[in-house]
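Numbering (this note's numbering), first residue to last: 8 to 146.
Structure below.
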């Protein structure tokens, strides 16, 4: 496996820790995800690709990460003696997922508060209707 500087920086790994390894062997096996492994192993023999594979993991050194993975086969040179390789793109969506969760929580709270206020207003309106419909006792 070869990676770019961004990968080494984000995942806090050294080049020597990734060279001559497949992605499933990295770190403490956090990338050894059966569904991901199947997708990657099918790319070269079946000439397939994948987009939007979601991975969430707690990494020992960098904490929780949510990522979207895309992969496809590429040919480095047009010379058939150079085997095709797999280009794996990893998008860190941790912050975006955190914001989305927070937004969903606030939306739910707002909906609950709105529902409670509507119920109070409906009860108040019903009470007013009863008062209007009641005959006046003293005139």
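Cβ atoms here follow ideal geometry from the backbone N, Cα and C, with glycine treated the same way. Just so you know, these numbers come straight off a predicted model, no measurement behind them.
Residue 94 classed as buried or exposed, judged by whether at least 16 other C-beta atoms fall within 10 angstroms: exposed
Hey, residue 22 and residue 31: beta-carbon distance below 8 Å or not? no
Using only alpha-carbon positions, find the residue among 8, 59, 108 that is nearest to residue 27. 8
Residue 33: which of 92, 67, 87 sits nearest, CA to CA? 67
At which residues does the alpha helix (DSSP H) containing residue 113 begin and terminate? Per DSSP, residue 113 belongs to the alpha helix (DSSP H) from 101 to 140.
Residue 56 and residue 19: beta carbons closer than 8 Å? no
Presumed contact (8 Å Cβ cut-off) between residue 100 and residue 75, rounded CB distance: 6 Å
Enclosing alpha helix (DSSP H) for residue 14 [first to last residue]: 12 to 18
Rounded to whole angstroms, what's the CA-CA distance from residue 146 to residue 128? Just pull it up for me. Because residue 146 carries a pLDDT of 47, less than 50, the predicted location of this residue cannot be relied on, and the following value inherits that uncertainty. Spanning the two alpha carbons is a distance of roughly 30 Å.
Quick check on this structure: which residue in 110, 102, 103, 78 has the alpha carbon closest to the alpha carbon of residue 92? 78
Assuming residue 37 contacts residue 71 under a Cβ cut-off of 8 Å, what Cβ separation, rounded to an integer in Å, is found between them? In fact, because the Cβ distance is near 11 Å, the residues do not count as touching under 8 Å.
Hey, quick one: how far does the beta strand (DSSP E) through residue 32 stretch, first residue to last? Run containing residue 32: none; DSSP gives neither H nor E here.
Should residue 47 go down as buried or exposed, given a rule of 16 or more other Cβ atoms within 10 Å for buried? buried
Indicate the three-state DSSP secondary structure (helix, strand or coil) for residue 92 in the structure shown. In the displayed model, residue 92 falls within a strand according to three-state DSSP.
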